[in-house]
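**Student:** In terms of the working numbering, the sequence shown has 40 at position 57, counting the first letter as 1, and numbering is strictly consecutive.
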Amino acid sequence: MKEKLIGQMDGEEFDSLLERFIETQSGPDEPLPGEVFFDLWAEIEESRAPIEVNGMVVEGQLVLLPLASASVPVTVSENEIVLGDQIIRIRLVPS
-16 MKEKLIGQMD GEEFDSLLER FIETQSGPDE PLPGEVFFDL WAEIEESRAP IEVNGMVVEG
44 QLVLLPLASA SVPVTVSENE IVLGDQIIRI RLVPS
């Protein structure tokens, strides 16, 4: 039997394929080895690590310096930090 691409299957063939996938992927809960658990936990903790940004005041204006590297996509320029679809704009106020 020649295998078809999903786009070439009719609805019944796709449903059958999906059912077979679910049956092969589900089974009794198996214990997660401790090493795997702690490796995954470490990855989660790393992703939540603070992002350090350096800056300086030049002629009374805050200037943030571009990051050499970060664990998440972030852009730093002038007084703005762009993190995903969020923009953090920092303004200095007189004391």
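Backbone N, C-alpha and C define an ideal beta-carbon position, used for all residues, glycine too.
Since I believe I71 is in contact with E63 (beta carbons under 8 Å), could you give me their beta-carbon distance rounded to a whole number of angstroms?
**Tutor:** To locate residue 63, count along the sequence shown from 1; it is residue 80. To locate residue 71, count along the sequence shown from 1; it is residue 88. The Cβ separation is near 7 Å, so the contact holds.
**Student:** Out of A51, P56, G67, G43, point me to the one whose CA is closest to L75's CA.
**Tutor:** What you label residue 75 is simply residue 92 of the sequence shown in a count that begins at 1. The option with the nearest alpha carbon to L75 is G43.
**Student:** Please state whether the Cβ-Cβ distance between V82 and L47 is less than 8 Å.
**Tutor:** Residue coverage of the chain in this structure runs from -16 to 78, which leaves residue 82 outside it and unanswerable.
**Student:** Between the C-alpha atoms of M40 and I73, what's the straight-line distance to the nearest angstrom?
**Tutor:** As a position in the sequence shown, residue 40 is number 57, starting the count at 1. As a position in the sequence shown, residue 73 is number 90, starting the count at 1. According to the sequence displayed, residue 40 carries Val and not Met. Each residue's alpha carbon lies about 12 Å from the other.
**Student:** When the Cα atoms are used, what is the spatial distance from D(-2) to L(-12)?
**Tutor:** If you number the sequence shown from 1, residue -2 lands on position 15. If you number the sequence shown from 1, residue -12 lands on position 5. So the alpha carbons of these two residues sit roughly 13 Å apart.
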